[in-house]
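Taking the working numbering, the leading residue of the sequence shown gets 4, the next gets one more, and so forth.
Ideal Cβ positions, reconstructed from N, Cα and C, are used throughout, including at glycine.
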Amino acid sequence: MTKTVLIAEKFQNGAGLSGYVAEIGNCMLCAQIGVEPEFDQSAAYVEGWLEAMKEDSRAIFRAASEAQKAVDYIMTRTAQADRMAAE
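Here it is in structure tokens:
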């Protein structure tokens with residue numbers, strides 16, 4: 004492989020974690036508000052997660068942690084907006 008390909012591959016692997024954060028966050032948020040999530044692309048995501056975990060066994064835990072932070076932020080902002088609307 005050329006250096007450019009290696010750099011691009013490393014960047015893509017790093018950027019891929021954001022997709023896992025979003026997908027896990029989606030499931031967490033849906034669970035909190037009582038909405039059933041859609042899993043149209045779940046097989047592709049699972050395959051990607053398995054590849055990521057081969058390289059970094061803690062990747063899923065980091066993604067879940069970041070997803071929880073995002074869900075907490077969304078829920079806090081929603082609660083604040085609801086309070087402001089009620090005033």
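Nearest-angstrom Cα separation, counted from residue j out to residue i
| i | j | result |
| --- | --- | --- |
| R61 | K72 | 17 Å |
| A89 | T81 | 12 Å |
| E50 | M31 | 20 Å |
| V38 | M87 | 24 Å |
| I77 | A84 | 10 Å |
| D43 | C33 | 15 Å |
| N29 | S68 | 13 Å |
Contacting residues, own chain, Cβ-Cβ under 8 Å from residue i (five flanking each side not counted)
| i | result |
| --- | --- |
| A66 | L20, Y23, V24, I27 |
| Y48 | G22, Y23, E26 |
Heavy atom of the ligand GTP within 8 Å of residue i beta-carbon
| i | result |
| --- | --- |
| Y23 | Looking at this structure, you won't find the ligand GTP or any other ligand, since it has none at all. |
Residue j beta carbon less than 9 Å from that of residue i
| i | j | result |
| --- | --- | --- |
| I63 | W52 | yes |
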